[in-house]
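Here is the structure we will look at, set down as structure tokens.
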Amino acid sequence: MRQKRSVSLAVVLLLVVLAAVAGWLAGTLIQSPAEAAARTAPPTPAPILAPLEERVLSANIVTRGMARFGLPQEVSLAPSALKERAGVITTAPHRGQQLQEGDVLLSASGRPVFLFLGAVPVFRDLTPGVQGQDVQQLEEALARLGFAPGKVDGRFDADTSAAVADWYNAAGWSPFEPTAEQRAQLHNLAEELATARDELTAAQDELAAAPIAVEAARAAAALAEAQVAATTEAAAPQVALDEMATQAAQLQGEAAVQIALNAQNAAARAVDRLEAQVDSLQAELAAIQQITDIQLPADELIFLPNLPVRIEQVNAAVGDPAQGALLTVTNNQLSIDSSLPLDEASLVQPGMAVQIDERELGVAATGVVARVADAPGTDGVDGFHIYFETHVDETDTALEGFSLRLTIPVQSTSGAVIVAPISALTMSADGVSHIQVDLNGALETVAVTPGLATAGFVEIAPLEGALSPGQLVLIGMENGEE
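Here the working numbering is used: the sequence shown runs in plain steps of one and ends on residue 485.
Now the structure itself:
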């Protein structure tokens, strides 16, 4: 009996435990609508704050370009009429060589080729008596080098010749001597002038004697008439014959006088002609004497519009004829060729500063925008880009031939300004911009005027009051937990 009671008690206890477990499970699995809503609601958002900063803002355009030296120009020698043929290269420069005004560019057949600054290229021999812009730029160059050419007037005169001679001698070269043809011409002119002077002297002597001959003819004519008159008076019956004799004597006398007058006129004309001939020969001889003094052959001088220059390429070797494009030179201005998309090109203007760098090469330099093309598709770029050229400031770093990064600040604040992250800026329906500033845990809306925006920041100025660096502003919200 007692055993049955123990079993019944155990069963009851088991049922109580099972009921308790079932009740607990039911309590945990069954939720009210309020509890379900509370559990499924999103977490309370938390503000994301960032400090205001004080800095200089600048908006940059970044692109790349290839460095080169500027203004490549081919160099060739003008032919000289003073020489029978073109020379042979006897010395040549090397690539990268730097050349200043007055330097010897190369030599041909043992004669120098000097380098001068000038916009007018060499096109003729410069000899005494010639004049023009090429002569003037020669005189200007001689003056710059310290060889006084006299008055700089574009005339190759005795002073210019003396300066050229001094310049050649100072450089260790002999001035160009007269050619055999010029010497022969000078000799022939001298002989021709001597002959003309002799003929002029003879003509002058003849002209001086001509008046005497005229007077002698007149006297002889008068004597002949007198003799005829005396004869006719002695033979009075022969009247008709006497008149005829008298008339014949008069005519003969007049003819003799006219012949003397004609000879006098001929002598005067001969003197005039020979005087003009002597003057002309003297002037020609003087010109030839000048030319055979000091002269500058066309193939011994090169004018270039920009100096100094560097040798970019040498096209001729020692022993080659000094003809054609012998060299290519550039100026010493290191330049960078680059391009910009059409929407950025209008922001870049000549004169703007450029930062130049390349981390892998350890390059850091500066420059300035030198030129911006007027239209797309020029200077080797495609139709969707605008070419621009940057001149590199003086640097010891070898940049030629390298691709470099160019940074152009196209806008900048005038100094340090208060800036906020761009995400802090909002705009109301009335078009006014605002930021929300954290004041002791509460957010206060502040109306601001935005300025330059770049690199994730925007310049701001409050419409009222003041803002300070370090103040926290709202830039967003993040999910949090209760």
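We put the CB at the ideal spot given by N, CA and C, even for glycine. Owing to the predicted nature of the structure, the values given are computational and were not obtained by experimental measurement.
Sequence-distant residues of the same chain with beta carbon closer than 6 Å to residue i, five excluded per side
i             : result
glutamate 323 : The question names glutamate, but residue 323 is aspartate in the sequence shown. Correct list, in chain order: Ile92.
glutamine 103 : Pro311
Exposure of residue i, with buried meaning 16 or more beta-carbon neighbours within 10 Å
i                 : result
threonine 66      : buried
phenylalanine 387 : exposed
asparagine 334    : buried
proline 48        : exposed
leucine 244       : Since pLDDT at leucine 244 reaches only 49, below the 50 mark, its modelled position is unreliable, and the value read off the structure follows with that caveat. When all chains shown are included, leucine 244 counts as exposed.
valine 174        : Correcting the residue type first, residue 174 is alanine in the shown sequence and not valine. The residue is exposed, with fewer than 16 neighbouring Cβ atoms inside 10 Å.
alanine 144       : buried
glycine 418       : exposed
glutamate 142     : buried
threonine 130     : buried
leucine 402       : buried
proline 300       : buried
serine 110        : buried
leucine 345       : exposed
leucine 364       : exposed
Residue i to residue j span [Cα, whole Å]
i              : j                 : result
leucine 196    : phenylalanine 179 : 27 Å
alanine 423    : aspartate 377     : 38 Å
leucine 310    : glutamate 467     : 60 Å
proline 379    : valine 351        : 14 Å
glycine 99     : glutamate 315     : 6 Å
alanine 271    : glutamine 207     : 8 Å
alanine 205    : asparagine 172    : 48 Å
aspartate 433  : valine 384        : 45 Å
glutamine 439  : valine 395        : 46 Å
asparagine 443 : leucine 470       : 15 Å
aspartate 1    : proline 412       : Missing from the structure shown is residue 1; the chain here goes from 4 to 485 and no further.
aspartate 441  : glutamine 474     : 7 Å
glutamine 140  : alanine 81        : 17 Å
valine 449     : asparagine 482    : 25 Å
lysine 86      : valine 138        : 20 Å
valine 330     : arginine 88       : Sequence check: residue 330 is leucine here, not valine. Rounded to the nearest angstrom, the two C-alpha atoms are 20 Å apart.
valine 332     : glycine 459       : 47 Å
glutamate 347  : glutamine 336     : 26 Å
histidine 97   : serine 112        : 19 Å
aspartate 156  : glutamine 136     : 9 Å
glutamate 194  : valine 133        : 25 Å
valine 451     : threonine 457     : 17 Å
Neighbourhood of residue i by C-beta distance below 8 Å, restricted to the same chain and skipping five residues each side
i             : result
alanine 168   : Pro178 and Ile297
threonine 393 : Gly68, Ser338, Ile339, Ser341, Val357, Ile359, Gly370, Val371, Val372, Ala373 and Leu409
proline 472   : Pro54, Leu55, Glu56, Glu57 and Ile421
leucine 210   : Gln267, Ala270, Ala271, Ala273 and Val274
leucine 446   : Pro50, Gln439, Val440 and Leu477
glutamate 397 : none
Sub-8 Å separation of residue i and residue j beta-carbons
i                 : j              : result
glutamine 101     : arginine 313   : yes
threonine 163     : glycine 149    : no
arginine 71       : serine 338     : yes
aspartate 128     : serine 83      : yes
isoleucine 51     : isoleucine 478 : yes
leucine 60        : valine 476     : no
isoleucine 2      : valine 116     : What the structure shows of the chain is the stretch from 4 to 485, and residue 2 is not part of that stretch, so it cannot be assessed.
valine 123        : arginine 200   : no
alanine 161       : alanine 151    : no
proline 453       : serine 436     : yes
alanine 95        : alanine 320    : yes
phenylalanine 405 : glutamate 361  : yes
leucine 120       : leucine 108    : no
Spatial neighbours of residue i in its chain, beta-carbon cut-off 7 Å, leaving aside the 5 residues before and after
i              : result
glutamate 202  : Leu277
methionine 480 : Pro48, Ala49, Pro50 and Ile51
threonine 400  : Val366 and Ala368
leucine 455    : Leu60, Ala62, Gln414, Thr416 and Glu462
arginine 114   : Gly90 and Glu303
glutamine 326  : Ala89
- Within the stretch 354–394, note down every full alpha helix (DSSP H) run reaching 4 residues or more, in order along the chain. none
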